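Novice: Provided herewith is a single structure, encoded as structure tokens, for subsequent inquiry.
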Amino acid sequence: IKALLINGASYYNPSQLPHFQNKGELLRKLIGFGVPERNQLLLSDNNSITLVVEDQIKPLEVVSIPIFLPEYLKTAQNKLIFDVSITYSSFPDKGNHLSYLPLHMSFNLVKNVEIAAFHETSDAYSIKSSITWSEDHHGLENRLFSNAQRKEYRLQPNDIVCLDGEIAMAVRCLSKDNIGEGLKNHLENNQHAF
């Protein structure tokens, strides 16, 4: 439900709010992912589809969900926009503010390839350089992570043709090392829902 609320939200137009004109970035920081729009949450139209995926993952794993686009999209010459959200929960590490959320999950729109490709360079699975992971995991031990992420991806008509109508949504999971032993064992030995 939280992911659907985030995915169906949009921002106020800063120009319509007198105190926030030319301060769009500040407004976004204050209202998070925006305000849910009822029609986007409850209804669909001929130009959109909502796909909900619930799964589980362990740290150091990658899950890939293949998406096969309809044949007509290969020749339609239309752009595709993917609004993707992820939410997950984890037990907190209460003793360390940087590790309060010791579990990292992020997603990416990728080529439909075998999981082994994710152990190679990003060229093996990346569609193009502008399509990146929803949250960077570099500096794993010194970063605050977010358990609610949203990102928009755009595929151009030539991307769809090059991919032969096959893409995938990849989800990766990592956990921090500098956490209590009991919590670390729990994180490493259990599946975590997203």
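Residue numbering for the sequence shown is 2 to 195, as defined by our numbering. Glycine is no exception: its CB is placed at the ideal position from the N, C-alpha and C atoms. Here the structure is a predicted model, which is why all the values come from computation and not from measurement.
Would G166 and E72 qualify as a contact pair, given that the criterion is a beta-carbon distance under 8 Å?
Specialist: Result yes, Cβ atoms of G166 and E72 sit closer than 8 Å.
Novice: In this structure, how does DSSP classify R144 when only helix, strand and coil are distinguished?
Specialist: Correct three-state label for R144: coil.
Novice: Counting pairs of Cβ atoms below 8 Å between the stretch 114–128 and the stretch 51–58, do you hit three or more?
Specialist: Verdict: no, contact absent.
Novice: Give the list of continuous beta strand (DSSP E) stretches no shorter than 3 residues that lie fully inside the stretch 90–117.
Specialist: For the stretch 90–117, whole beta strand (DSSP E) runs of length 3 or above, ordered along the chain, are 104–112.
Novice: Could you give the first and the last residue of the continuous beta strand (DSSP E) run that contains E167?
Specialist: Taken as a continuous stretch (DSSP letters only), the beta strand (DSSP E) holding E167 covers 167–176.
Novice: Does the stretch 73–86 come close enough to the stretch 135–155 to have 3 or more Cβ pairs within less than 8 Å?
Specialist: The stretch 73–86 vs the stretch 135–155: in contact.
Novice: Please report the distance separating the alpha-carbon of F69 from that of N97.
Specialist: When rounded, the distance between both Cα atoms is 43 Å.
Novice: Within the same chain, show all residues whose beta-carbon is closer than 6 Å to that of G35, passing over the 5 residues directly before and after it, in chain order.
Specialist: The residues are A10, S11, Y12.
Novice: Taking Cβ positions, are C163 and P60 nearer each other than 8 Å?
Specialist: No, these two residues do not count as a Cβ contact at 8 Å.
Novice: Would you call N109 buried or exposed, if buried means 16 or more other Cβ atoms sit within 10 Å of its Cβ?
Specialist: It is buried - the Cβ of N109 has at least 16 other Cβ atoms within 10 Å.
Novice: Go through its chain and collect everything with a Cβ distance to P158's Cβ below 6 Å, but skip five positions before and after it.
Specialist: Here the set comprises Q78.
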